[in-house]
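Q: Sharing a structure here in structure tokens format.
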DNA sequence: GTCTATATGCTGATAGAC
DNA sequence: GTCTATCAGCATATAGAC
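Below you can see the structure in the form of structure tokens.
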């Protein structure tokens with residue numbers, strides 16, 4: 001089993017590749033980053049990149065994957081809360097926190113169609129993300145108005161959090177503002193200071 | 001002045017080209033539509049397309065332009081309203097109406113980075129769209145919370161209106177739901193039936 | 001002023017040698 | 001696991017016909 005040891009050379013190259021991809025994607029966008037650029041930065045050829053990932057889309061998916069897994073975890077935690085109010089607050093706070101912490105990534109998601117498709121594919125499995133989020137935020141039988149409201153909130157928060165307009169804001173400020181906007185939109189009562 | 005008559009051959013080709021581009025963009029997305037496809041559909045060569053528009057970006061800008069001009073008009077009308085309440089309702093209703101009527105286009109805007117850039121360029125002129133919208137919806141001195149709230153609303157409405165999830169909804173249903181969500185988020189009082 | 005023919009240097013992707 | 005070689009298709013560009 002020596003060849004299955006954690007730190008094989010291939011694993012290392014693969015993670016180096018991913019790290020390089022994230023950096024270049026953030027700097028030039030996904031569309032503005034070619035496999036050639038990634039390969040050059042790594043000191044290998046394009047074909048070597050293709051050994052680790054069959055397509056460019058697969059790279060963007062791999063970049064997005066960790067954040068999506070975090071999101072699933074937030075949903076699990078939120079669903080485990082006892083009261084409806086706690087479920088809503090936990091889901092909203094977790095979602096906002098993810099957006100703020102992964103701002104750069106979110107900005108990428110918002111502007112690149114390939115990443116959006118990758119997310120869609122990941123989210124439309126049996127563990128449908130959007131359905132779960134709607135259930136958490138608008139209850140088990142939300143109706144059309146509820147579904148649309150949740151859609152507007154989630155899309156709005158994600159786009160706003162990733163927008164370059166607010167990239168100078170520190171995490172805490174952005175997080176608390178987005179959270180309060182979300183709460184207000186969901187009709188949650190005001191909290192004490 | 002005969003050569004400046006309205007219906008020159010070039011003008012006709014140019015508008016046919018634009019109509020074809022809109023259709024193909026809607027079917028295959030901007031990235032999925034090549035200049036070759038547009039040229040073939042028109043029965044001309046790629047170079048002919050290139051004669052009318054210097055770049056592909058210029059085509060996407062031209063596709064988005066009419067809707068953006070409509071938006072400017074909505075802002076002008078809203079600003080001309082007497083009461084703050086009427087300004088807010090007019091701006092919101094106009095924005096939502098635009099999104100719903102141009103749903104296909106909005107969906108394109110939301111998924112294509114090139115179109116997004118084109119819009120940005122158009123909107124960040126002296127007549128800054130976002131600043132005007134914030135002033136209309138959150139008042140002349142909105143503060144950070146106000147700016148963020150408006151951003152979340154506008155982004156959320158646009159993304160939701162263009163989303164494939166709701167493409168089966170008829171215009172009136174979608175419009176009224178989006179409008180109500182927006183009003184609620186802006187703290188506007190309930191209307192009578 | 002409007003278009004065709006042709007070419008350049010990219011891109012993502014594949015096949016096969018080492 | 002990484003290489004070289006090669007592919008078709010892309011946006012873009014220019015020269016020149018009419």
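Protein chains in written order, with the UniProt record's numbering: chain Y, 1 to 193; chain G, 1 to 193.
Virtual Cβ for every residue (Gly too), placed ideally from N, Cα, C.
1) With a cut-off of 8 Å, do at least 3 Cβ pairs link the region 139-157 of chain Y to the region 40-60 of chain Y?
2) With a cut-off of 8 Å, does the C-beta of residue 22/G fall near any C-beta of chain Y?
3) Could you check whether residue 147/Y and residue 181/G sit closer than 8 Å to each other, using their CB atoms as the reference points?
4) Does the CB of residue 1/G have a neighbour CB from chain Y at under 8 Å?
5) Have a look at residue 170/Y and residue 103/Y and give me their C-alpha separation to the nearest angstrom.
6) Residue 115/G to residue 128/G, Cα distance in whole Å?
7) Taking the alpha carbon of residue 107/G as the reference point, which residue from 107/Y, 113/Y, 106/Y has its own alpha carbon closest?
8) Rounded to whole angstroms, what's the CA-CA distance from residue 1/Y to residue 110/G? Just pull it up for me.
9) Does the CB of residue 44/Y have a neighbour CB from chain G at under 8 Å?
10) Using three-state DSSP, classify residue 81/Y as helix, strand or coil.
11) Would you list, in sequence order, the uninterrupted alpha helix (DSSP H) runs of no fewer than 4 residues that lie entirely inside the UniProt domain "HTH tetR-type" (11-71) of chain Y?
12) Answer with yes or no whether the minimum CB distance from residue 133/Y to chain G is below 8 Å.
13) Between residue 13/G and the rest of its own chain, which residues show a CB-CB distance below 7 Å, the 5 nearest in sequence each way excluded?
14) Excluding the 5 residues preceding and the 5 following residue 90/G in the sequence, name in chain order all residues of the same chain whose CB lies nearer than 7 Å to its CB.
15) Which residues in the same chain as residue 98/Y place their Cβ atom closer than 7 Å to its Cβ, once the five residues preceding and following it in sequence are excluded?
16) Indicate whether residue 137/Y and residue 160/Y have their beta-carbon atoms separated by less than 8 Å.
17) State buried or exposed for residue 21/Y, treating a residue as buried only when at least 16 other CB atoms are found within 10 Å of its CB.
18) Determine the burial state of residue 183/Y: buried for a count of at least 16 other Cβ atoms within 10 Å of its Cβ, exposed for fewer.
19) To the nearest whole angstrom, what separates the beta carbons of residue 88/G and residue 188/G, a pair I think is in contact under 8 Å?
20) Does any residue of chain Y bring its CB to less than 8 Å from the CB of residue 91/G?
21) Could you tell me whether any Cβ in chain G is nearer than 8 Å to the Cβ of residue 28/Y?
22) Quick one: list the residues of chain G neighbouring residue 113/Y, beta-carbon separation under 8 Å, in chain order.
23) Can you look up residue 177/Y in the DSSP assignment and give me helix, strand or coil?
24) In chain G, which residues lie with their C-beta within 9 Å of the C-beta of residue 163/Y?
25) Would you mind stating whether residue 11/G and residue 24/G have Cβ atoms separated by less than 8 Å?
26) Give the residues from the region 172-187 of chain G that approach chain Y closer than 9 Å (Cβ to any Cβ), ordered along the chain.
27) Can you list the residues of chain G that residue 99/Y reaches, using a CB-CB cut of under 9 Å?
28) Of the residues 26/Y, 31/Y, 55/Y, 16/Y, which one's Cα is nearest the Cα of residue 43/Y?
29) Report the rounded CA-to-CA distance for residue 133/G versus residue 158/G, giving the unit in angstroms.
30) Cα-Cα, which of 150/G, 56/G, 117/G is closest to residue 131/G?
A: Here's the rundown:
1) Judged by pairs of C-beta atoms under 8 Å, the region 139-157 of chain Y does not touch the region 40-60 of chain Y, as fewer than three such pairs exist.
2) As a working note, residue 22/G is residue 22 in the second chain. For residue 22/G, the nearest beta carbon of chain Y is not closer than 8 Å to its own beta carbon.
3) Translated into the one-based positions of the second chain, residue 181/G becomes position 181. Translated into the one-based positions of the first chain, residue 147/Y becomes position 147. Result no, Cβ atoms of residue 181/G and residue 147/Y do not sit closer than 8 Å.
4) By 1-based counting over the second chain, the position of residue 1/G is 1. At residue 1/G the pLDDT is 46, less than 50, meaning the model places this residue with poor confidence; the figure from the coordinates comes in the next sentence. No - not a single Cβ of chain Y is within 8 Å of the one on residue 1/G.
5) The residue given as residue 170/Y occupies position 170 in the first chain. The residue given as residue 103/Y occupies position 103 in the first chain. When rounded, the distance between both Cα atoms is 11 Å.
6) Mapped onto the second chain, residue 115/G falls at position 115. Mapped onto the second chain, residue 128/G falls at position 128. Pairing residue 115/G with residue 128/G, the inter-Cα distance amounts to about 18 Å.
7) To locate residue 107/G, count along the second chain from 1; it is residue 107. Answer by Cα proximity: 113/Y.
8) Taking the first residue of the first chain as position 1, residue 1/Y is located at position 1. Taking the first residue of the second chain as position 1, residue 110/G is located at position 110. With a pLDDT of 48 at residue 1/Y, under the threshold of 50, the modelled position of this residue cannot be trusted, and the question is left open.
9) In the first chain, counting from the first residue as 1, residue 44/Y sits at position 44. So no, residue 44/Y is outside the interface.
10) In the first chain, residue 81/Y corresponds to position 81, counting from 1. For residue 81/Y, the three-state secondary structure derived from DSSP is coil.
11) Whole alpha helix (DSSP H) segments, 4+ residues: 35-42, 46-52.
12) Start at 1 with the first residue of the first chain, and residue 133/Y comes out as number 133. The beta carbon of residue 133/Y does not come within 8 Å of any beta carbon belonging to chain G, so the residue lies off that interface.
13) For the purposes of this step, residue 13/G is taken as residue 13 along the second chain, with counting starting at 1. Around residue 13/G: 52.
14) Within the second chain, the letter at position 90 stands for residue 90/G. Excluding its 5 nearest sequence neighbours in each direction, residue 90/G has C-beta neighbours in its own chain below 7 Å: 77, 78, 81, listed in chain order.
15) Numbered from its first residue, the first chain carries residue 98/Y at position 98. Excluding residues within five positions, the ones whose Cβ falls inside 7 Å are 67, 70, 71, 74.
16) Translated into the one-based positions of the first chain, residue 137/Y becomes position 137. Translated into the one-based positions of the first chain, residue 160/Y becomes position 160. In this structure, residue 137/Y sits away from residue 160/Y, with a CB-CB distance that is not shorter than 8 Å.
17) One-based indexing of the first chain puts residue 21/Y at position 21. Buried: at least 16 other Cβ atoms inside 10 Å.
18) In the first chain, the residue the question calls residue 183/Y occupies position 183. Around the C-beta of residue 183/Y, 16 or more other C-beta atoms lie within 10 Å, and the residue is accordingly described as buried.
19) As a position in the second chain, residue 88/G is number 88, starting the count at 1. As a position in the second chain, residue 188/G is number 188, starting the count at 1. Going by Cβ atoms, the distance from residue 88/G to residue 188/G rounds to 6 Å, so yes, they are a contact pair.
20) Translated into the one-based positions of the second chain, residue 91/G becomes position 91. No, because no Cβ of chain Y sits closer than 8 Å to the Cβ of residue 91/G.
21) Within the first chain, numbered from 1, the residue matching residue 28/Y stands at position 28. Chain G places no beta carbon closer than 8 Å to that of residue 28/Y, leaving this residue out of the contacts.
22) Residue numbering aside, residue 113/Y sits at position 113 when the first chain is read from its first letter. Chain order gives the chain G residues near residue 113/Y as 29, 31, 111, 112, 113, where near means a beta carbon separation below 8 Å.
23) The residue given as residue 177/Y occupies position 177 in the first chain. The three-state secondary structure of residue 177/Y, taken from DSSP, is helix.
24) As a working note, residue 163/Y is residue 163 in the first chain. The answer, in chain order, is 151, 155.
25) Position 11 of the second chain holds residue 11/G. Position 24 of the second chain holds residue 24/G. The answer is no: Cβ separation not under 8 Å.
26) Of all residues in the region 172-187 of chain G, 173, 174, 177, 178, 180, 181, 182, 184, 185, 187 have a Cβ within less than 9 Å of some Cβ in chain Y.
27) Position 99 of the first chain, counting from 1, holds the residue named residue 99/Y. When 9 Å is used as the limit between beta carbons, residue 99/Y is near no residue of chain G, the shortest such separation being about 11 Å.
28) Residue mapping note: residue 43/Y aligns to position 43 of the first chain, counting from 1. Closest option to residue 43/Y, Cα to Cα, is 16/Y.
29) Taking the first residue of the second chain as 1, we reach residue 133/G at position 133. Taking the first residue of the second chain as 1, we reach residue 158/G at position 158. So the alpha carbons of these two residues sit roughly 14 Å apart.
30) As a position in the second chain, residue 131/G is number 131, starting the count at 1. Here the closest residue by C-alpha is 150/G.
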